[in-house]
Amino acid sequence: ALCRITTVALACERFRLKHGQFPNALAELPKELLAAVPNDPYTDEPTRYKTTDTGAVVYAVGPDKTDDGGK
Numbered sequence: 346a347l348c349r350i351t352t353v354a355l356a357c358e359r360f361r362l363k364h365g366q367f368p369n370a371l372a373e374l375p376k377e378l379l380a381a382v383p384n385d386p387y388t389d390e391p392t393r394y395k396t397t398d399t400g401a402v403v404y405a406v407g408p409d410k411t412d413d414g415g416k
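To get our numbering, take the position in the sequence shown, counting from 1, and add 345.
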């Protein structure tokens, strides 16, 4: 999960460096930055992503399968 999240986070940061802001959704990431959004290994759903006032959060729900918003 950590490697998948890190890959997505790096693509988001590269997007931010080019566009001056984080993407609103992972679907905005061009294929050259991220070929496909990896699934959360705990739920087999797409990796979670949200923007905040100070940046962005990329996360997996974890082994308890409870979505705590990336805390």
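From the three backbone atoms N, C-alpha and C, an ideal C-beta is built for every residue, glycine too.
Remember, it's a predicted structure, so these values are computed and weren't measured experimentally.
Nearest candidate by alpha-carbon position, reference R417, set D412, T411 and V406: As shown, the chain starts at 346 and ends at 416. That puts residue 417 outside it, with no answer to give.
Do L374 and P368 have their beta-carbon atoms positioned less than 8 Å apart in this structure? Yes.
Can you name the residues that DSSP bridges to T397? Under DSSP, T397 takes part in a beta bridge, and its partners are G400.
Taking DSSP's pairing of strands, which residues face P391 in a bridge? Bridge pairing for P391: N384 [DSSP].
What separation, rounded to the nearest whole angstrom, lies between the Cα atoms of R359 and D398? Computed Cα separation, rounded: 19 Å.
Cβ shell of V353 (< 6 Å), same chain only, five flanking positions each side left out: Closer than 6 Å at the Cβ level, and outside the excluded window around V353, lie T392 and V403.
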